[in-house]
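**Student:**
There are 2 protein chains.
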Amino acid sequence: MAVTGPGGTPARERVHRAAVRLFATKGFHGTGIRDLAKAANLSSASLYHYMPTKERLLADIMRSSLQSLLDAALAELDGLDDPVERLDRLVVLHVTRHAREPMRTRVVDNEVDALTPASRRDVVGIRDAYEKLWSDALDDGLRSGVFTTTRPATTRLALLDMCNGVARWFSPGGELGRNDLAEHYADLARRLVGAPPRPPR
Amino acid sequence: MAVTGPGGTPARERVHRAAVRLFATKGFHGTGIRDLAKAANLSSASLYHYMPTKERLLADIMRSSLQSLLDAALAELDGLDDPVERLDRLVVLHVTRHAREPMRTRVVDNEVDALTPASRRDVVGIRDAYEKLWSDALDDGLRSGVFTTTRPATTRLALLDMCNGVARWFSPGGELGRNDLAEHYADLARRLVGAPPRPPR
DNA sequence: GCGGCCCGATCAATCGATCGATAGACCAGA
DNA sequence: TCTGGTCTATCGATCGATTGATCGGGCCGC
Numbered sequence: 000m001a002v003t004g005p006g007g008t009p010a011r012e013r014v015h016r017a018a019v020r021l022f023a024t025k026g027f028h029g030t031g032i033r034d035l036a037k038a039a040n041l042s043s044a045s046l047y048h049y050m051p052t053k054e055r056l057l058a059d060i061m062r063s064s065l066q067s068l069l070d071a072a073l074a075e076l077d078g079l080d081d082p083v084e085r086l087d088r089l090v091v092l093h094v095t096r097h098a099r100e101p102m103r104t105r106v107v108d109n110e111v112d113a114l115t116p117a118s119r120r121d122v123v124g125i126r127d128a129y130e131k132l133w134s135d136a137l138d139d140g141l142r143s144g145v146f147t148t149t150r151p152a153t154t155r156l157a158l159l160d161m162c163n164g165v166a167r168w169f170s171p172g173g174e175l176g177r178n179d180l181a182e183h184y185a186d187l188a189r190r191l192v193g194a195p196p197r198p199p200r
Numbered sequence: 000m001a002v003t004g005p006g007g008t009p010a011r012e013r014v015h016r017a018a019v020r021l022f023a024t025k026g027f028h029g030t031g032i033r034d035l036a037k038a039a040n041l042s043s044a045s046l047y048h049y050m051p052t053k054e055r056l057l058a059d060i061m062r063s064s065l066q067s068l069l070d071a072a073l074a075e076l077d078g079l080d081d082p083v084e085r086l087d088r089l090v091v092l093h094v095t096r097h098a099r100e101p102m103r104t105r106v107v108d109n110e111v112d113a114l115t116p117a118s119r120r121d122v123v124g125i126r127d128a129y130e131k132l133w134s135d136a137l138d139d140g141l142r143s144g145v146f147t148t149t150r151p152a153t154t155r156l157a158l159l160d161m162c163n164g165v166a167r168w169f170s171p172g173g174e175l176g177r178n179d180l181a182e183h184y185a186d187l188a189r190r191l192v193g194a195p196p197r198p199p200r
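In structure tokens, the structure reads:
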């Protein structure tokens with residue numbers, strides 16, 4: 000088993016983590032193979048035992064992040080019918096994740112066009128499936144009259160952009176915890192789509 | 000006068016424009032000096048007649064974009080007292096600009112950490128002054144009771160993120176024109192901060 | 001023939017990636 | 001218990017290509 004390295008963290012994981020941190024802060028093209036090696040406590044040659052290519056490492060990070068978000072969302076919505084509840088859950092899940100792993104999310108959001116066309120197709124496919132959950136909840140709510148907006152498509156984009164923004168400024172040490180933040184965003188989302196406010200706890 | 004070049008556009012402007020387009024689509028670090036030269040119909044050597052450095056070109060683009068946004072906002076708000084009207088105007092101006100020049104805005108929003116510390120200080124300074132206009136409008140409205148939110152700071156961030164998102168997906172050929180889009184966002188903004196809806200036109 | 005534009009050629013540095021080699025863990029057969 | 005072989009993890013050295021930037025000189029309208 001590969002359990003060497005200072006701190007006991009396996010090398011594969013160190014590479015992954017370092018890549019997320021560097022890609023998020025300096026960008027994919029701004030991160031050299033040697034920066035990555037230094038951050039993972041490896042030589043740049045050893046790096047290639049854990050990734051086929053710098054681009055594929057990026058693609059793997061993005062793919063797995065998005066897939067786990069999609070899976071979690073599907074599990075969260077399972078069996079649910081009420082559009083308001085579905086929206087609540089989507090917002091809370093989304094914001095919680097973005098606040099828990101802002102770096103990873105920043106990579107997913109900002110580095111899409113550093114991917115090769117093939118990788119991009121995969122990643123965008125997963126993202127579209129995820130965003131369809133939002134569209135469906137919104138459409139159902141509009142049909143049943145519990146949401147109101149004159150421009151559903153634009154409102155959906157505004158809603159998603161609002162929630163995505165969290166990853167850009169959230170820092171774990173802030174005054175607001177992840178859960179309170181997510182609850183607040185659920186309130187804001189209801190306001191945006193014209194749904195009745197959530198009952199106070 | 001330098002008015003050569005196919006199409007009659009002066010070289011300095013061609014460089015500027017090409018840089019905005021390339022930085023926005025491929026990122027600052029993803030754009031080579033030769034890509035830039037080709038897009039501006041110049042040799043990579045001639046490029047340096049119009050910019051001291053690639054990084055300074057980026058800094059100039061960001062600085063002038065932000066400064067013109069701040070100036071326009073100050074002009075727009077001049078003499079205005081009512082927080083609701085100030086918020087309306089800020090949203091309409093912001094969204095209109097983001098929709099008119101999504102490329103330029105994407106550069107401003109995404110490439111901040113490609114700047115040297117000195118350039119970054121300048122740029123962030125202007126951005127902070129601009130965002131303070133939003134904070135002030137929001138605070139005044141909260142004080143006077145016309146806005147309602149439990150978390151003013153977070154709500155401000157959510158509001159700004161929502162409006163910033165426009166630059167990431169707006170394309171001029173879409174079904175919605177710039178002005179209609181801006182009006183819709185003004186409605187959404189009022190909902191977010193708990194202000195009464197705008198009177199229908 | 002002077003000055004603003006412009007370029008081909010080229011610089012040192014860095015890029016992503018590959019090479020051959022070494023050290024150690026593990027296992028099979030004697 | 002020793003031995004030979006295989007596998008994984010790691011490295012220094014180096015590959016060709018590309019990077020941002022520079023230099024010396026050519027062209028052209030004045």
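Top to bottom, those sequences are chains Y and Z.
Read in order, the letters of the first sequence are residues 0 to 200 in numbering that gives the first Met the number 0.
Read in order, the letters of the second sequence are residues 0 to 200 in numbering that gives the first Met the number 0.
For glycine and all other residues, C-beta sits at the position ideal for the given N, C-alpha and C.
So, for R55 of chain Y: in the same chain, excluding its five sequence neighbours on each side, which residues have a beta-carbon less than 8 Å away from its beta-carbon?
**Tutor:** Result list for R55 of chain Y: S118, in chain order.
**Student:** Tell me which residues of the segment 76-93 of chain Y have at least one Cβ-Cβ distance to chain Z shorter than 8 Å, keeping chain order.
**Tutor:** Taking 8 Å as the Cβ-Cβ cut-off against chain Z, none of the residues of the segment 76-93 of chain Y qualify.
**Student:** In chain Z, which residues lie less than 7 Å from M161 of chain Y when you measure between Cβ atoms?
**Tutor:** Per Cβ cutoff of 7 Å: A157, D160 and M161.
**Student:** Leaving out five residues before and five after L191 of chain Z in sequence, what residues of the same chain have Cβ atoms less than 6 Å from its Cβ?
**Tutor:** Correct list, in chain order: L158.
**Student:** For T95 of chain Y, does the three-state DSSP call read helix, strand or coil?
**Tutor:** Residue state, collapsed to three classes: helix.
**Student:** What does a CB cutoff of less than 6 Å around H183 of chain Z pick up in its chain, not counting 5 residues either side in sequence?
**Tutor:** No residues qualify anywhere along the chain.
**Student:** Compare the beta carbon distance of V111 of chain Y and V122 of chain Y with 8 Å and say whether it is the shorter of the two.
**Tutor:** Their beta carbons are under 8 Å apart, which means V111 of chain Y touches V122 of chain Y by this criterion.
**Student:** Once the 5 residues before and after G6 of chain Y are set aside, which same chain residues still bring their CB inside 7 Å of it?
**Tutor:** Residue placement at G6 of chain Y cannot be trusted, given a pLDDT of 48 that sits under 50; the coordinates are not used to answer.
**Student:** Just the C-alpha distance for S67 of chain Y and R16 of chain Y, rounded to the nearest angstrom, thanks.
**Tutor:** Each residue's alpha carbon lies about 16 Å from the other.
**Student:** How should A44 of chain Z be labelled, buried or exposed, when 16 other C-beta atoms within 10 angstroms of its C-beta is the threshold for buried?
**Tutor:** With fewer than 16 Cβ atoms within 10 Å of its Cβ, A44 of chain Z is classed as exposed.
**Student:** Check whether the Cβ of K25 of chain Y lies closer than 8 Å to any Cβ atom in chain Z.
**Tutor:** Yes, K25 of chain Y counts as interfacial toward chain Z.
**Student:** What is the DSSP secondary structure of R197 of chain Y, reduced to helix, strand or coil?
**Tutor:** Of the three classes helix, strand and coil, the one that applies to R197 of chain Y here is coil, per DSSP.
**Student:** Tell me the DSSP secondary structure of D201 of chain Z in three-state form.
**Tutor:** Because chain Z in this structure spans residues 0 to 200, residue 201 of chain Z falls outside the shown range and cannot be described.
**Student:** Where does A44 of chain Y sit, in a helix, a strand or coil, going by DSSP?
**Tutor:** Coil, per DSSP.
**Student:** Comparing alpha-carbon positions, which option in Y:R120, Y:R200 and Y:G78 lies nearest D59 of chain Y?
**Tutor:** Cα-wise, what sits closest to D59 of chain Y is Y:R120.
**Student:** Which stretch, first to last residue, makes up the alpha helix (DSSP H) that contains T154 of chain Z?
**Tutor:** Taken as a continuous stretch (DSSP letters only), the alpha helix (DSSP H) holding T154 of chain Z covers P151 to W168.
**Student:** What separation, rounded to the nearest whole angstrom, lies between the Cα atoms of R155 of chain Y and C162 of chain Y?
**Tutor:** The alpha-carbon atoms of R155 of chain Y and C162 of chain Y are separated by roughly 11 Å.
**Student:** Ignoring anything shorter than 4 residues, give me the alpha helix (DSSP H) runs that lie fully in the segment 112-143 of chain Z, in order along the chain.
**Tutor:** Runs found: 116-142.
**Student:** Would L89 of chain Y and L132 of chain Y be called neighbours here (beta carbons separated by less than 8 Å)?
**Tutor:** Yes, the pair counts as a contact, with Cβ atoms nearer than the cut-off.
**Student:** Specify the secondary structure class of D80 of chain Z as computed by DSSP and reduced to three states.
**Tutor:** D80 of chain Z falls in the coil class under three-state DSSP.
**Student:** Would you decide whether I32 of chain Y is buried or exposed? Buried here means 16 or more other CB atoms lie within 10 Å of its CB.
**Tutor:** The residue in question, I32 of chain Y, is exposed, as its Cβ has fewer than 16 Cβ neighbours within 10 Å.
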